[in-house]
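Here the structure comes first, spelled out in structure tokens, and everything after it is commentary.
In the UniProt record's numbering, the protein residues as written are 1 to 315.
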């Protein structure tokens, strides 16, 4: 059976043709691969094989992909109607070249990768074998645990397929979107040329948010305040909710009040006790002031006072 979008969908859904029940191969059973594979299995597909080298990846495969045979990557792909390449961004180009040269690809296969910064151009060597190339990137932090499969439901997944007016190009978009809908997530189309910026936005928001939260937690502990997480949880939860709903109007605190004296006091104590955090505070306070100024939340004088404070060495 040809599994590509040209004839893969026998039923129509909200996102177009629904892929037939597919044999799925997962390369590799890391955090994302194991969770995405489990989500596809929950949607009715069959994970027939996976690659797993480390002890952790083998444990994930056993827990989340039961019944999947552990095989080398080329053998995983050879057995699959849908090959899911879930490797780090920097590893993906070499993997694709190796698979294309190994003879494991066949016309009609769906070849999906989960890297955020790549579109489908990176799958070019494989596309020469008449596979259907698709990029699916879940916009969610994934730890490789069973609860992540549930969290995928309601999350967004960035979908990228070949551009152009051809029927095959549109079929790839529709198959990608249908797979996302099947796992309970929401597909969002990301143009090929915008993938790096899209991924930078997600990494900047999610990864740096965790860094910022842990920095604040460490500072509270240094001040002898426990439990630090309990103190921060209501504040940070409200701040995140307000930021997503209200945008820059959610900004509060000394920067938005133009209270340069308080900012200076913060920096004096941070420089003395946590200089690494002071550097981050300066960068974020400056950017906060710029956003507040651009949005009309503070005037020229307040902005200048705060900007001068964060750039001035602590006395």
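From the three backbone atoms N, C-alpha and C, an ideal C-beta is built for every residue, glycine too. Treat the numbers as computed from the prediction; the structure is a model and nothing was measured.
Of all the options the options, which has the alpha carbon lying nearest to the alpha carbon of residue i?
{"i": "residue 252", "options": "266, 235, 264", "result": "235"}
{"i": "residue 109", "options": "147, 93, 24, 142", "result": "24"}
{"i": "residue 129", "options": "260, 107, 149", "result": "107"}
{"i": "residue 297", "options": "79, 249, 191", "result": "249"}
{"i": "residue 40", "options": "101, 314, 91, 182", "result": "182"}
{"i": "residue 125", "options": "191, 281, 136, 101", "result": "101"}
{"i": "residue 333", "options": "227, 306, 242, 237", "result": "The structure shown has nothing for residue 333, since the chain only spans 1 to 315."}
{"i": "residue 45", "options": "189, 219, 21", "result": "21"}
{"i": "residue 144", "options": "287, 60, 95, 244", "result": "60"}
{"i": "residue 43", "options": "188, 113, 149", "result": "149"}
{"i": "residue 315", "options": "269, 276, 285", "result": "269"}
{"i": "residue 291", "options": "243, 271, 265, 312", "result": "243"}
{"i": "residue 281", "options": "247, 225, 237, 215", "result": "215"}
{"i": "residue 180", "options": "134, 283, 287", "result": "134"}
{"i": "residue 208", "options": "52, 286, 141, 299", "result": "141"}
{"i": "residue 93", "options": "227, 225, 127", "result": "127"}
{"i": "residue 316", "options": "52, 271, 103, 284", "result": "What the structure shows of the chain is the stretch from 1 to 315, and residue 316 is not part of that stretch, so it cannot be assessed."}
{"i": "residue 240", "options": "276, 295, 272, 206", "result": "206"}
{"i": "residue 261", "options": "79, 304, 295", "result": "304"}
{"i": "residue 254", "options": "289, 225, 226", "result": "289"}
Just to confirm, is the Cβ distance from residue i to residue j under 8 Å?
{"i": "residue 274", "j": "residue 267", "result": "no"}
{"i": "residue 155", "j": "residue 139", "result": "yes"}
{"i": "residue 131", "j": "residue 152", "result": "no"}
{"i": "residue 64", "j": "residue 146", "result": "yes"}
{"i": "residue 310", "j": "residue 256", "result": "no"}
{"i": "residue 68", "j": "residue 50", "result": "yes"}
{"i": "residue 229", "j": "residue 217", "result": "yes"}
{"i": "residue 220", "j": "residue 231", "result": "yes"}
{"i": "residue 189", "j": "residue 173", "result": "yes"}
{"i": "residue 96", "j": "residue 123", "result": "yes"}
Taking 7 Å as the cut-off, is the beta-carbon of residue i closer than that to any non-hydrogen atom of the ligand NAP?
{"i": "residue 294", "result": "By its list of ligands, the structure shown contains no ligand whatsoever, and the ligand NAP lies outside what it can speak to."}
Using the Cβ count rule (16 or more neighbours within 10 Å means buried), how would you classify residue i?
{"i": "residue 308", "result": "exposed"}
{"i": "residue 302", "result": "buried"}
{"i": "residue 81", "result": "buried"}
{"i": "residue 233", "result": "exposed"}
{"i": "residue 193", "result": "exposed"}
{"i": "residue 47", "result": "buried"}
{"i": "residue 177", "result": "buried"}
{"i": "residue 222", "result": "exposed"}
{"i": "residue 28", "result": "buried"}
{"i": "residue 91", "result": "exposed"}
{"i": "residue 114", "result": "buried"}
{"i": "residue 99", "result": "buried"}
{"i": "residue 187", "result": "buried"}
{"i": "residue 293", "result": "buried"}
{"i": "residue 246", "result": "exposed"}
{"i": "residue 312", "result": "exposed"}
{"i": "residue 265", "result": "exposed"}
{"i": "residue 238", "result": "exposed"}
{"i": "residue 171", "result": "buried"}
{"i": "residue 272", "result": "exposed"}
{"i": "residue 200", "result": "exposed"}
{"i": "residue 287", "result": "exposed"}
{"i": "residue 105", "result": "buried"}
{"i": "residue 197", "result": "exposed"}
{"i": "residue 299", "result": "exposed"}
{"i": "residue 26", "result": "buried"}
Beta-carbon of residue i versus every beta-carbon of chain B: anything under 8 Å?
{"i": "residue 82", "result": "Annotation note: the requested chain B is absent from the structure, which comprises a single protein chain."}
Worksheet entry | Any alpha helix (DSSP H) of 4 or more consecutive residues that is wholly inside the UniProt domain "DUF2520" (169 to 288) | 195 to 222, 228 to 246, 260 to 273
Worksheet item: Three or more beta-carbon pairs under 8 Å between the region 72 to 88 and the region 52 to 59, yes or no?
Response: no
Worksheet entry | At least three beta-carbon pairs within less than 8 Å, the region 149 to 163 to the region 109 to 129 | yes
Discussion item. Would you call the region 25 to 44 in contact with the region 85 to 103, where contact means no fewer than 3 C-beta pairs closer than 8 Å?
Written reply: yes
Worksheet entry | Unbroken stretches of the alpha helix (DSSP H), 4 residues or longer, contained in the region 70 to 139 | 73 to 78, 92 to 102, 124 to 127
Worksheet item: Which parts of the region 22 to 60 are runs of the alpha helix (DSSP H), unbroken and 4 residues or longer, counting only runs that do not cross its ends?
Response: 31 to 42
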